[in-house]
Amino acid sequence: MSAPVGLRHLSNQTLFRKGDVFVLFGELFGRGYANGLVNQAREAGMTLIGMTVGRRESDGSLRRLTDEELAAAEANLGGKIINVPLMAGFDMDAPAGTPTPTEMVGGMGLKTWQEDKLDWAQVEACRAVGVARFKAGVAEAMAQLDGLIPDGANVFFAHTMAGGLVKAKVFLAIANRIYKGRGERFMSSRALLDSDLGKLNLMNFDEVTANTFGYLIEGSAALRARIEKSGGSTRYTAYGYHGTEILIDGQYQWQTYTNYTQGYAKKRLEDIARAAWDQGIKATVFNCPEIRTNSSDIFVGVELSLVPLLNALKREGCGAWGEAQWAACQALLKDEASLAEVLATLNRYNTDPVMVGFRNFDAWPMDNTPELAECMIGTAEGITALHKERTALITDHLSALVIEATGPLMFNEAGAPSGPVLWLNHDVIAKQLAALHG
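Using my numbering, read the sequence shown as starting at 269 and increasing by one per residue.
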């Protein structure tokens, strides 16, 4: 693949209706993309069923939700939660009497982590325990789910699991330098990836972000067969990230945040969807635009590509509503600052030779460089400083709009998906917003 496959049209699906079932394979937390999809399922009158990751006790053991926690989770979702702990990853797993990966990295220090080595046989043993635990949980959850889905119903499985960072004491300091550092504080992302700590994180990212999608598809095979035999259908979606086309110099062009460490797992997620598609299973990864979320805030600069969405709102005919979004964003800036100034800054940033060098789709995800950090982090800090309040940013407002658009885009396209991996670029995001508000 040498170019993203963008979704260019707005689907008007007729598959999902009242009495069908929406299954959230993950737990609904805070602000994020999953909320948009849940809202669409709710509006369609579907029965909502969710999962839980469970909760950790102080000794690290995994347990089900208490009655109080379950009630809160069900109220948040607006549907039933199957109370089987589906905590993905293997960072807290180990054969009895042996250390977990989290314990193995607990002694790593800021001065030694690049040389510190892990026992990979033990890591693999922990991974095997974690995968077996998760697959057993999926089997139990699917058995309960089977009793909740009537014959002939259409079922929408929405995979929302992502992440997988192994909790090492030293990692926050490392992350602050890789994702936020410039000048003397800069650290190469390659230094992390070449270390045992980095390799462990990549393995756990694969398990949480990607392999769980495969475990869901595999674990629901019997349920899928029963549904389809009775006249219903199944769809699977997952949230990806692989850069986004935004308006640069008046043209939609692909760009990306660098260094996106989870990018390797996101590519694996795409491969799982393609493999399922080849078997006749309608599984689609939707690569969504950059937004600000609780988990993305560590990546300083990831939000920069959001602001050109304002130009896309004009390009795609959002009319008076689009003008209102410009006004709302202008109101967040200091009196002496203007949106035109911000957008001009971002166009210079996106056409800077340093940044152009990272618009290499085939090489994604690329490593960071000192020049990239200086350009990206410096630009991000400069634009943030133009706001009246650091807690009320243009990118917060635009993130909410992207979430609003991706919900119906994914929900409707999943009814009759055109492929296993689709990009939701700024063009179709703006078209969807125009349709919603025009």
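Every residue, glycine too, gets a C-beta built ideally from N, C-alpha and C.
Every value quoted in this text rests on a predicted model; they were computed, and no experiment measured them.
Assuming the contact rule is C-beta atoms closer than 8 Å, Val570 and Ile417 should be a hit. Round their C-beta distance to whole Å, please.
Going by Cβ atoms, the distance from Val570 to Ile417 rounds to 38 Å, so no, they are not a contact pair.
Using 10 angstroms around the beta-carbon of His694, count the other beta-carbons present and answer buried if the total reaches 16, otherwise exposed.
Buried is the call here.
Let's test the definition: count the other Cβ atoms within 10 Å of the Cβ of Asp361 and tell me whether it reaches 16, buried, or not, exposed.
Buried: at least 16 other Cβ atoms inside 10 Å.
What is the rounded straight-line gap between the Cα of Ala631 and the Cα of Glu336?
A straight line joining the alpha-carbon of Ala631 with that of Glu336 spans about 48 Å.
Report, in whole angstroms, the separation of the C-beta atoms of Ala673 and Leu701, which I expect to be a contact under 8 Å.
Confirmed, about 5 Å.
Limits of the unbroken beta strand (DSSP E) element including Met319
Segment Thr315 to Thr320, the beta strand (DSSP E) holding Met319.
In DSSP terms, what Ile514 is bridged to:
Looking at the DSSP output, Ile514 shares a beta bridge with Gln521.
Which partner residues does Asn555 have in the DSSP bridge list?
Bridge partners of Asn555: Gly508 and Trp691.
Here's a check: name, in chain order, each residue in its chain whose Cβ is nearer than 7 Å to the Cβ of Lys534, leaving out the five neighbours to either side.
Cβ neighbours of Lys534 beyond the five flanking positions: Thr477, Gly508, Tyr509 and His510.
Using a 10 Å radius around the Cβ and a threshold of 16 neighbouring Cβ atoms, would you call Gly351 buried or exposed?
Just to set this straight, residue 351 is Asn in the shown sequence, not Gly. Answer is buried; the Cβ neighbour count reaches 16.
Per DSSP, Lys348 is paired with what?
Residue pairing of Lys348 in beta bridges, as defined by DSSP: Ile317.
Extent of the continuous beta strand (DSSP E) to which Val423 belongs
Its beta strand (DSSP E) spans residues Val423 to His427.
Pick helix, strand or coil for Pro418, following the three-state DSSP scheme.
Looking at Pro418 - three-state DSSP - the assignment turns out to be coil, as it is neither helix nor strand.
For Asp739 and Ile446, I'd like the C-alpha separation in whole angstroms.
Past the edges of the chain, shown from 269 to 706, lies residue 739, and the structure says nothing about it.
Local conformation of Phe454 per DSSP, three classes:
DSSP places Phe454 in coil when its eight states are reduced to three.
Exposed unless 16 or more other CB atoms sit within 10 angstroms - verdict on Gly685:
Note on residue identity: the sequence assigns Pro, not Gly, to residue 685. Result: buried.
DSSP beta-bridge partners of Glu657:
Ala660.
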